[in-house]
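I have placed the structure first, in the form of structure tokens, so that the comments after it can refer back to it.
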Amino acid sequence: MKEAVISVMIVGAFMVASYYLHKYMRNIKSMIWFLSVVLMYIVLLYGYLEIINKIHQYLRDRGIYIEFGHASILLLELGVICLFFALINIVWAAVSRYRNLQNKNTSPNHT
Numbered sequence: 538m539k540e541a542v543i544s545v546m547i548v549g550a551f552m553v554a555s556y557y558l559h560k561y562m563r564n565i566k567s568m569i570w571f572l573s574v575v576l577m578y579i580v581l582l583y584g585y586l587e588i589i590n591k592i593h594q595y596l597r598d599r600g601i602y603i604e605f606g607h608a609s610i611l612l613l614e615l616g617v618i619c620l621f622f623a624l625i626n627i628v629w630a631a632v633s634r635y636r637n638l639q640n641k642n643t644s645p646n647h648t
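Just so you know, we're using this note's numbering here: the sequence shown kicks off at 538 and counts up by one.
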């Protein structure tokens, strides 16, 4: 049971951070900065998953066992789920950003 709670916490923390990053990415004007943030997002996701894996190893070495399956397959599955959500988030932010820029370029200026 504790594995399910920990899994929900891992994905939940990722989703909350992704939500705020998505809000930020939608408003970026520069394409170079947008691509830099996307690259940073993917690198930080890898770091996040690596930290979780190291915490799991540390706890296991201290005698606190969390059963994530043989070869921690559940952690790998959580990593794939987070990566899938990250890719959806990137595409969604890119489309939203593109639409926002198109709407600003086509709206009449009332000056």
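Glycine residues also receive a C-beta, built at the ideal position from the N, C-alpha and C atoms.
Note that this is a predicted model, so its numbers are computed, not measured.
- Per DSSP, reduced to three states, the secondary structure at Asn637 is helical.
- Non-local beta-carbon contacts of Ser633 in its own chain, meaning distances under 7 Å to residues more than five positions away in sequence, involve Arg563 in chain order.
- Residue burial is scored here from C-beta neighbours: Ala541 has fewer than 16 other C-beta atoms within 10 angstroms and is therefore classed as exposed.
- DSSP, reduced to helix, strand and coil, places Gly606 outside both helices and strands of the structure shown, so it counts as coil.
- For Ile547, the enclosing alpha helix (DSSP H) stretches over residues 539-563.
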